[in-house]
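Residue numbers (our numbering): 696 to 1023.
The beta-carbon is built from N, C-alpha and C at its ideal position, and this holds for glycine as well.
From a predicted model like this one, the values you see are computed outputs, not experimental measurements.
Heads up, the thing below is written out as structure tokens.
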């Protein structure tokens, strides 16, 4: 085995305890920083920062958590940045200059993939937990040398989840990024153990929306985001920041739909009563095309171990310190 796991299950956003941002974001957007800090300080939560990033989207290039001390790192080399390579972050440099990131073991797998195209979910069928990850088929387009079965095997090996189910959604070619974190939000599971997801499919053409719904409903109870009107940015309501303590939903400056989204979250997440917030960030979303899930690398912390040796899973068979004064 490439590494051992404490338990036999993936980690969802509901279990995360630390939110990590790019130092660039807080330097360029101090007002957004204060809004977010205002919430997190009330929980006595530290706000993690990484430096040497070329953009704000830490979700996309930082490794995905497989266990409390193990992270799975994909290749960050997206097609939409091939003519803007100055924005492709050197992840090795980020990790090398982030003391807390060096506590973890990194498992590398040879798949080009953005972290925004990973939504992890859990079920509890017949009192046995089940694990899912939702991705669009853009992964196939960026990794033409691999088929679905090969990608699925690499995931199962890296996350040590032999029964991990990848739920493939069609990729709408009009969506350059092809991410799922603006489509699907894991809610939990119902009394029968079937996972529940909140989705926003209204922005897609009817045919592809139906295909997405069919793929999701095979495994999940699918709950549509109900708004009285749909904005080009209403996907951002799905793209929230969630930890075990709180949920922060992006506001898009529409008083009515902002309130509707907030109300629906409160109904779907009763366990977060009194701990669901909203921050206004329409201008940021319009300018940059991402929201809070995109902006955060979330971690379930374990301070008991200090592992930093990387390992590599083979294809079986087949800026400087001035930007980050926090760490000087």
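What did DSSP end up calling residue i once you bin it into helix, strand or coil?
i, result
"residue 880", "strand"
"residue 770", "strand"
"residue 1004", "Low confidence applies to residue 1004: its pLDDT is 42, below 50, so where it sits in the model is not reliable, and the reading given next is rough at best. Coil."
"residue 962", "helix"
"residue 852", "helix"
"residue 725", "helix"
"residue 933", "coil"
"residue 919", "strand"
"residue 886", "coil"
"residue 979", "helix"
"residue 750", "coil"
"residue 777", "coil"
"residue 782", "helix"
"residue 993", "strand"
"residue 1034", "The first residue shown for the chain is 696 and the last is 1023, placing residue 1034 beyond what the model contains."
"residue 971", "strand"
"residue 999", "Per-residue confidence for residue 999 stands at a pLDDT of 44, beneath the threshold of 50, marking its modelled position as unreliable; the derived number appears in the next sentence. Reduced to three states, the DSSP call for residue 999 is coil."
"residue 893", "strand"
"residue 710", "helix"
Nearest CA to the CA of residue i: which residue from the options?
i, options, result
"residue 987", "811, 740, 824", "811"
"residue 805", "926, 771, 829, 739", "771"
"residue 710", "952, 982, 937", "937"
"residue 818", "885, 897, 870, 829", "885"
"residue 967", "996, 882, 927", "882"
"residue 952", "931, 940, 941", "931"
"residue 746", "722, 857, 761", "722"
"residue 985", "828, 962, 875, 949", "875"
"residue 789", "744, 899, 942", "744"
"residue 992", "760, 739, 820, 740", "760"
"residue 834", "824, 725, 897, 847", "847"
"residue 949", "939, 922, 935", "922"
"residue 840", "824, 807, 850", "807"
"residue 982", "826, 962, 947, 733", "947"
"residue 815", "795, 708, 823, 857", "708"
"residue 887", "778, 821, 935", "821"
"residue 860", "905, 889, 825, 838", "825"
Would you give the residue range spanned by the beta strand (DSSP E) that residue i belongs to?
i, result
"residue 870", "No beta strand (DSSP E) holds residue 870; DSSP gives it neither H nor E."
"residue 803", "800-807"
"residue 826", "823-831"
"residue 942", "942-946"
"residue 819", "814-820"
"residue 713", "713-717"
"residue 987", "Run containing residue 987: none in the beta strand (DSSP E); it sits in the alpha helix (DSSP H), 987-990."
"residue 761", "759-762"
"residue 744", "742-745"
"residue 928", "That residue, residue 928, is in no beta strand (DSSP E); it is neither H nor E in DSSP."
"residue 864", "860-864"
Exposed or buried, residue i, counting other C-beta atoms within 10 Å across all chains shown (16 or more means buried)?
i, result
"residue 774", "exposed"
"residue 751", "buried"
"residue 954", "exposed"
"residue 917", "buried"
"residue 714", "buried"
"residue 842", "exposed"
"residue 871", "exposed"
"residue 836", "exposed"
"residue 736", "exposed"
"residue 969", "exposed"
"residue 893", "buried"
"residue 729", "exposed"
"residue 717", "buried"
"residue 726", "exposed"
"residue 928", "buried"
"residue 720", "buried"
"residue 873", "buried"
"residue 738", "exposed"
"residue 877", "buried"
"residue 849", "buried"
"residue 764", "buried"
Hey, residue i and residue j are a contact pair by Cβ (cut 8 angstroms); roughly how many whole angstroms apart?
i, j, result
"residue 866", "residue 913", "Going by Cβ atoms, the distance from residue 866 to residue 913 rounds to 18 angstroms, so no, they are not a contact pair."
"residue 862", "residue 910", "6 angstroms"
"residue 767", "residue 854", "6 angstroms"
"residue 880", "residue 933", "5 angstroms"
"residue 925", "residue 944", "16 angstroms between Cβ atoms; not a contact."
"residue 864", "residue 895", "About 13 angstroms separates the two Cβ atoms, so there is no contact after all."
"residue 758", "residue 705", "With 8 angstroms as the limit, residue 758 and residue 705 do not qualify as a contact, their Cβ atoms being about 13 angstroms apart."
"residue 782", "residue 749", "5 angstroms"
"residue 939", "residue 712", "6 angstroms"
"residue 942", "residue 980", "Actually they do not touch by this definition, with Cβ atoms about 17 angstroms apart."
"residue 754", "residue 990", "7 angstroms"
Identify the continuous alpha helix (DSSP H) that holds residue i and give its terminal residues.
i, result
"residue 904", "901-912"
Check whether the Cβ of residue i sits closer than 7 angstroms to any heavy atom of the ligand MG, and report yes or no.
i, result
"residue 821", "Looking at this structure, you won't find the ligand MG or any other ligand, since it has none at all."
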